[in-house]
Amino acid sequence: MTPVRAPSAVREFEAAARARLLPAHYDYFAGGAGEEITVRANEAAFARLALLPRVLRGTGKLQTGVTLPGGRAAMPVLVAPTAFHRLAHPEGERATARAAAAAETVMVVSMAATVAVEDVAAAAPGGTLWFQLYIQPDLAFTEAIVRRAEAAGCTALVVTVDSPARGRRDRDQHNGFDDLPDGMCCENLRDGDRVRPIVMSPEISWRHVDLLRRMTELPVVLKGVTHPDDARLALDHGVAAVWVSNHGGRQLDTVPAAVDLLPEVVAAVGGAVPVLLDGGIRRGTDVVKAMALGASAVAVGRPVIWGLAADGERGVARVLGLLHDEVEHALTLLGVASVHDLRPGLVRPC
Ligand SMILES: Cc1cc2nc3c(=O)[nH]c(=O)nc-3n(C[C@H](O)[C@H](O)[C@H](O)COP(=O)(O)O)c2cc1C
Ligand SMILES: CCCCCCCCCCC(=O)C(=O)O
1 MTPVRAPSAV
11 REFEAAARAR
21 LLPAHYDYFA
31 GGAGEEITVR
41 ANEAAFARLA
51 LLPRVLRGTG
61 KLQTGVTLPG
71 GRAAMPVLVA
81 PTAFHRLAHP
91 EGERATARAA
101 AAAETVMVVS
111 MAATVAVEDV
121 AAAAPGGTLW
131 FQLYIQPDLA
141 FTEAIVRRAE
151 AAGCTALVVT
161 VDSPARGRRD
171 RDQHNGFDDL
181 PDGMCCENLR
191 DGDRVRPIVM
201 SPEISWRHVD
211 LLRRMTELPV
221 VLKGVTHPDD
231 ARLALDHGVA
241 AVWVSNHGGR
251 QLDTVPAAVD
261 LLPEVVAAVG
271 GAVPVLLDGG
281 IRRGTDVVKA
291 MALGASAVAV
301 GRPVIWGLAA
311 DGERGVARVL
321 GLLHDEVEHA
331 LTLLGVASVH
341 DLRPGLVRPC
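For what it's worth, UniProt numbering labels the leading residue of the sequence shown as 1, then goes sequentially.
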């Protein structure tokens, strides 16, 4: 009998995950807004970028660690906030957090997590957690959530600003996916004996970012910036980092690929704060391309879900391990010793 091999590339986890997930749940994780043009563009844009290695650089020991406002990570790949991990695996966000801590990277806990942020933190003592927030129009409730994140030991707040409304997800509408199974809920939305719905409000504005900054000492990272003018405004409003993201193509369809937006945002930020990026990262070569174009670190959403659904904590650990190994391998072949030495000249369109 032919032995079944463990996936040797991140992309292989998707098939393993799909085989284990209910079809409607697979569609929720994999899908995006509208025609999913942006979903596809995110990955395709990396394929259109070529790497141009240098030779005989005597690089020796490699350096993949990065220091960010909310702490240090041993690899430049963070776990992006994604909702509903218990749909993928019974251990849910606990398993993800353990794997992220073992990889010594940051896990951004979604406000829509199916395990409470306190329990995620308890599952992975010593891990670095950031908390992702959708600012709720009820500011007292927003503040209560921020206090929980602080008390749980989160070291940064990631405020998602690309969601003044929910994306139109055709797959979810077709599948009638509009509720979580019994016994599962957004645990961070508990308010006394009820669980509030997440409100995505078009009324949220820069004024709320200012309010939030006054509410907490935690560094505020703005996730979902695509326009360079917004990156400049973010600096005016004192954010600690700008996160370029089109939400994995799940919000406004036909927004350009995230990596194509990166250079203009990096230029607008001008080194004042770190710039993070997510969307379509599936290989170590994608990571080094993004960093060569100015990202301080990147994050992965779906790859973590695929690892979790395929094999729980072990699957997430393998996904993160593969990406780490591939980053090191790409650095070696590029003739670059440190992720901090990646420069735009190493990348060109093809
Ligand atoms: C299933 C799923 C759920 C997500 N949930 C959230 C969320 O709760 N909060 C958030 O800010 N972004 C959320 N995102 C967006 C991710 O943080 C990230 O921007 C995106 O997944 C990156 O693209 P990638 O999946 O190609 O890596 C979600 C993405 C997916 C795929
Ligand atoms: C269970 C039915 C859907 C409820 C929608 C809540 C959205 C939570 C935010 C998750 C997210 O950002 C995403 O991209 O999905």
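Idealized CB from N, CA, C, for every residue including glycine.
**Prompt:** Which residues in the same chain have their Cβ closer than 7 Å to the Cβ of leucine 308, if we skip the five residues on either side of it in sequence?
**Reply:** His85, Ala88, His89, Ala95, Thr96, Gly315, Val316
**Item:** Residue range of the unbroken beta strand (DSSP E) whose run includes valine 244
**Value:** Where valine 244 is concerned, the enclosing beta strand (DSSP E) starts and stops at 241-244.
**Message:** For valine 117 and arginine 57, I'd like the C-alpha separation in whole angstroms.
**Reply:** Roughly 45 Å between the two C-alpha positions.
**Message:** As an exercise, report each continuous alpha helix (DSSP H) stretch of at least 4 residues that is fully enclosed by the segment 227-304, in chain order.
**Reply:** 228-236, 258-269, 284-292
**Request:** Decide yes or no for the touch test of the segment 143-162 against the segment 120-134: beta carbon pairs closer than 8 Å, at least 3 of them.
**Result:** yes
**Asked** Would the beta-carbon of lysine 289 fall within 8 Å of that of valine 259?
**Response** yes
**Asked** Any chance the CB of residue 351 is under 7 Å from a heavy atom of ligand 1?
**Response** Since the displayed the chain opens at 1 and closes at 350, residue 351 lies outside it and no answer follows.
**Message:** Using a Cβ-based criterion (distance less than 7 Å to any ligand heavy atom), does histidine 247 qualify as near ligand 2?
**Reply:** yes
**Simplified DSSP assignment, three categories, for arginine 343** = coil
**Item:** Residue ranges of each beta strand (DSSP E) within the segment 134-203, 3 or longer
**Value:** 157-160
**Message:** By alpha-carbon positions, which one of Trp130, Leu52, Asp27, Gly280 ends up nearest to alanine 240?
**Reply:** Trp130
**Asked** Who are the Cβ neighbours of alanine 112 in its own chain at under 7 Å, not counting the five residues just before and after it?
**Response** Ala83, Phe84, Cys186, Ile198
**Item:** CB-CB length for valine 108 against valine 79, believed under 8 Å
**Value:** 6 Å
**Three-state class that DSSP yields for leucine 56 in the structure shown** = coil
**Buried versus exposed, by CB contacts within 10 Å (16 or more), threonine 254** = exposed
**Continuous beta strand (DSSP E) stretch holding alanine 73: start and end** = 71-73
**Request:** Figure out for me which residue from Met291, Asp286, Gly345 has the closest Cα to the Cα of leucine 323.
**Result:** Asp286
**Request:** Answer yes or no: the CB of leucine 308 versus the heavy atoms of ligand 2, is any distance below 7 Å?
**Result:** no
**Request:** Using the DSSP secondary-structure output, state which residues sit across from lysine 61 in a beta bridge.
**Result:** DSSP, once it has assigned bridges, lists no residue as partnering lysine 61.
**Asked** First and last residue of the beta strand (DSSP E) that includes leucine 222?
**Response** Looking at the DSSP string, the run of the beta strand (DSSP E) that includes leucine 222 is 220-225.
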